[in-house]
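In what follows, a single structure is set out as structure tokens and then discussed.
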Amino acid sequence: MIIDTHLHPTNLVDEAWRHTGEPFTGERLLKMMDGPYMINGKPRRVDMGFIQPPPGNTGYRDGNRRGRDGIRDYMAYIADLCQKYPDRFIGNFTFNPRWGPEEGALELEFHVKEYGFKMLKLHANMHGYRPDRALDWLRPAMKMCAKYNIVVLIHTGDGPYTIPTMFYPIIREFPMVNFIIGHFGIQTGGNYSFEAFWMAMDTPNVVCESGWCFQSRIVEFAKQLPRNKIVFGTDSPPNEPGMWLRELEVLCSAPPHGMGLDEDGLEDYMGNNIARLVGIETTPPPRTQDEALARLKDTYAGLR
């Protein structure tokens with residue numbers, strides 16, 4: 001399977017990014033995931049994705065409920081989608097410590113038990129805290145992540161609060177928790193991809209998300225990183241999955257543009273690495289055109 005670690009469906013207009021003023025619903029997201037996308041000459045789809053609210057919709061606004069009620073409100077649409085499409089969507093719980101660190105940890109536990117969530121998202125810029133100084137705010141949720149084997153996805157790449165190394169204190173304090181450096185350390189205001197690379201090289205519980213990284217740097221980093229250290233993520237919307245799939249597919253081409261990667265290695269990057277981290281059964285890549293088409297028969301009944 002191809003598994004996207006980073007998706008943002010919403011039934012409300014995204015308060016931060018807007019996206020033309022029309023909500024990017026779960027159904028719109030599924031249509032985008034279905035593609036098909038051509039990978040090494042074979043049609044594929046994004047089979048599953050970790051979903052979370054747009055971060056702009058997870059801050060407090062006048063009239064919102066507070067505490068666990070408020071958290072449950074901003075996570076409600078994601079929980080609904082995970083129940084409606086359990087074979088396509090996996091829940092990613094957005095942890096905003098300003099709603100209460102203990103309350104957020106308890107809501108994480110509720111979403112894990114009730115809806116099968118397998119990931120937690122930290123966005124220190126959107127929620128306004130220094131992660132290296134707000135350890136008391138993060139510890140309750142990290143303890144829950146350790147208890148339930150929840151992977152932590154970290155927004156990184158821009159100041160003042162999401163420079164990757166600012167998360168080293170919490171990462172080192174919780175070596176039993178797996179952390180994903182979101183955007184490979186690249187975002188609106190900076191390029192910290194080399195920080196992300198060395199964190200993944202030097203720290204057993206750190207992996208990097210492929211999306212937003214420059215294509216030539218992906219080749220450079222993939223040559224040195226252990227194969228389990230890169231996972232596929234797009235941050236869609238606004239990003240479109242096909243361009244980031246192509247960025248990984250090019251690893252199969254000859255140097256200097258690629259590195260001669262085999263299809264099993266590509267499948268690790270596109271889905272199997274994150275599957276292993278969260279306990280999803282891994283899958284081999286389709287070996288033939290017919291096998292690829294057979295996997296899409298339910299999505300595209302008339303494709304043949």
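Residue 22 in full-length UniProt numbering sits at position 22 of the sequence shown, and the numbers go up by one each step. Where is the CB? At the ideal position from N, CA and C, for every residue including glycine. Since the model is a prediction, treat every value here as computed from it, not as a measurement.
Cβ atoms of P36 and R45 come within 8 Å of each other, at about 6 Å. The three-state secondary structure of D136, taken from DSSP, is helix. Rounded to the nearest angstrom, the Cβ distance from I218 to F179 is 19 Å, too far for a contact under 8 Å. For Q187, same chain residues with a beta-carbon under 8 Å away, outside a window of 5 residues either side, are H155, T156, G157, D158, T162 and W212 in chain order. Boundaries of the beta strand (DSSP E) around V151: V151 to I154. Following the DSSP letters along the chain, one finds K42 inside the beta strand (DSSP E) bounded by residues K42 to R44.
Restricting attention to M142, D136, V231 and G189, the CA atom closest to the CA of P160 is found in G189. Between the stretch 56-71 and the stretch 124-136 there are three or more C-beta pairs closer than 8 Å, enough to call the two in contact. It is roughly 9 Å from the alpha-carbon of R88 to the alpha-carbon of F50. Comparing C-alpha distances from L30 to each of G258, E15, L7 and H19 shows the shortest one belongs to L7. Selection G104, R172, I78 and A222 evaluated against F194 yields A222 as nearest (Cα-Cα).
DSSP, reduced to helix, strand and coil, places M119 within a strand of the structure shown. Annotation for L81: P9, G26, I51 and F89 place their beta carbon closer than 8 Å to its own, counting only its chain and skipping 5 residues before and after.
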